[in-house]
Amino acid sequence: MSEDENDPYDLDSGPDPATFAAAAPEQSMDKDTDAPVYAVGVGPGNPEYLTPRGKRAIREADVVVGFETVVEFVAGETDADLLTCGYADEADALAEFGRRVAAGDRGTAVLMGDPNHSGYQFLGKVQRAVERPVRVIPGISSLQIAASRARTPMEDTRFVTLHKSGSLDADLDRLAEAVGERHLLVLPRPFDWMPGDIAEFLLDSGADASLDALVLERLTHDDERITRTTLGDLRDSAGGSGPDSTPYSDLSVLAVRAPVDAAD
Numbered sequence: 001m002s003e004d005e006n007d008p009y010d011l012d013s014g015p016d017p018a019t020f021a022a023a024a025p026e027q028s029m030d031k032d033t034d035a036p037v038y039a040v041g042v043g044p045g046n047p048e049y050l051t052p053r054g055k056r057a058i059r060e061a062d063v064v065v066g067f068e069t070v071v072e073f074v075a076g077e078t079d080a081d082l083l084t085c086g087y088a089d090e091a092d093a094l095a096e097f098g099r100r101v102a103a104g105d106r107g108t109a110v111l112m113g114d115p116n117h118s119g120y121q122f123l124g125k126v127q128r129a130v131e132r133p134v135r136v137i138p139g140i141s142s143l144q145i146a147a148s149r150a151r152t153p154m155e156d157t158r159f160v161t162l163h164k165s166g167s168l169d170a171d172l173d174r175l176a177e178a179v180g181e182r183h184l185l186v187l188p189r190p191f192d193w194m195p196g197d198i199a200e201f202l203l204d205s206g207a208d209a210s211l212d213a214l215v216l217e218r219l220t221h222d223d224e225r226i227t228r229t230t231l232g233d234l235r236d237s238a239g240g241s242g243p244d245s246t247p248y249s250d251l252s253v254l255a256v257r258a259p260v261d262a263a264d
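Right, dumping it as structure tokens:
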């Protein structure tokens, strides 16, 4: 997510909600436990990738909360009240969601892709808003689709998400450490860390300009597009901070392939 004047969250001044979400394992469920709130990964945007378990949690909810673009994907799956938000009114929507759940409504939060891939900040905010267990229902993510398209096996790949608020220094260092030795799968951050900016950083860190790079956009959608290039050529699109400054969609995954010896 972009850090600009329209984004009210300053993670440098307080704890990252992703840390809150990851602070402890999910609570075990028993007959004395309140009914959980579900956090459902809705997939990469194509409804065929929404899992049956996720559909049921959405269908059986009394109230559903999520970013407007995510809720739009599941609106036809439920008769629940829909609480949509952007970054500016996210806190208000989650507060109302918490009040509804506290009053006894069945609540489900929806997140793009799989909550375990760059969804932990919103997951932590949901968890803070409700006084009952939150159970994650994983989904298919664009990352998984990208790994399939780019043929980058996950066990040979370094995955980093830049699609979050706060400092990215540690994440970028992990990419620089692995480039050329392992495949990279990166979720860019619109629009200050897009594929060209990541390529520029990796090249400045010593990466080989001839490494294969793929920018995979709007995966599973009708207008899916895959650009096959090199890290050196990708650098040409670096710079800028808005949608008009990059040729790539904000729904992108960057894959940088490490050399593979097919004879091994």
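Taking full-length UniProt numbering, the leading residue of the sequence shown gets 1, the next gets one more, and so forth. Note that beta-carbon positions come from the ideal geometry of N, C-alpha and C, so glycine has one too.
Would you mind reading off the limits of the alpha helix (DSSP H) that contains Y120? Start at 1 with the first residue of the sequence shown, and residue 120 comes out as number 120. Unbroken alpha helix (DSSP H) run through Y120: Y120 to A129.
**OP:** Determine the direct distance from the alpha carbon of L172 to that of A162, and round the result to whole angstroms.
**Re:** As a working note, residue 162 is residue 162 in the sequence shown. As a working note, residue 172 is residue 172 in the sequence shown. With the sequence shown as reference, residue 162 is identified as Leu, and Ala is not the correct amino acid for it. In a straight line, the C-alpha of L162 is about 8 Å away from that of L172.
Worksheet entry | Among V130, P47 and Q144, the one whose alpha carbon lies nearest that of A39 | As a working note, residue 39 is residue 39 in the sequence shown. Checking every option, the nearest Cα to that of A39 belongs to V130.
**Report entry** Cutoff 6 Å; reference L211; Cβ partners in own chain excluding five residues on either side
**Finding:** In the sequence shown, residue 211 corresponds to position 211, counting from 1. Cβ neighbours of L211 beyond the five flanking positions: L231 and V256.
Query raised in the report: Using 8 Å as the Cβ pair cut-off and three pairs as the minimum, do the region 101-111 and the region 70-88 touch?
Result: yes
What are the boundary residues of the alpha helix (DSSP H) that includes R225? By one-based count along the sequence shown, residue 225 stands at place 225. Note, R225: premise wrong, no alpha helix (DSSP H); beta strand (DSSP E) at R225 to T230.
P25 to R135, Cα distance in whole Å?
-> Locating residue 25 in the sequence shown gives position 25, where the first residue counts as 1. Locating residue 135 in the sequence shown gives position 135, where the first residue counts as 1. Spanning the two alpha carbons is a distance of roughly 10 Å.
Leaving out five residues before and five after P36 in sequence, what residues of the same chain have Cβ atoms less than 6 Å from its Cβ? Along the sequence shown, one-based indexing puts residue 36 at 36. Only P133 and R135 meet the Cβ criterion.
- request: Rounded to whole angstroms, what's the CA-CA distance from N6 to A103? Just pull it up for me.
  value: For the purposes of this step, residue 6 is taken as the residue at position 6 of the sequence shown. For the purposes of this step, residue 103 is taken as the residue at position 103 of the sequence shown. Reliability of the predicted coordinates at N6 is poor, the pLDDT of 39 falling under 50, and no value is obtained from them.
Query - Reduced DSSP secondary structure (H/G/I, E/B, other) of G139 - result: Here the question's residue 139 lines up with position 139 in the sequence shown. Correct three-state label for G139: coil.
| said: Can you find the residues in the same chain that come closer than 7 Å, C-beta to C-beta, to A199, ignoring five residues on each side of it along the sequence? | reply: Taking the sequence shown and counting its residues from 1, the one referred to as residue 199 is at position 199. Here the set comprises A213, L231, L234, R235 and A238.
Considering Cα atoms alone, identify which of D223, D261 and N46 is closest to Y248. Here residue 248 refers to the residue found at position 248 when the sequence shown is read from its first residue. Nearest option by C-alpha distance: D223.
(request) Put L251 into one of helix, strand or coil per three-state DSSP. (result) Within the sequence shown, numbered from 1, the residue matching residue 251 stands at position 251. L251 falls in the coil class under three-state DSSP.
Q. Any idea what DSSP makes of T19, helix, strand or coil?
A. Reading the sequence shown from its first residue, position 19 is the one you call residue 19. Correct three-state label for T19: helix.
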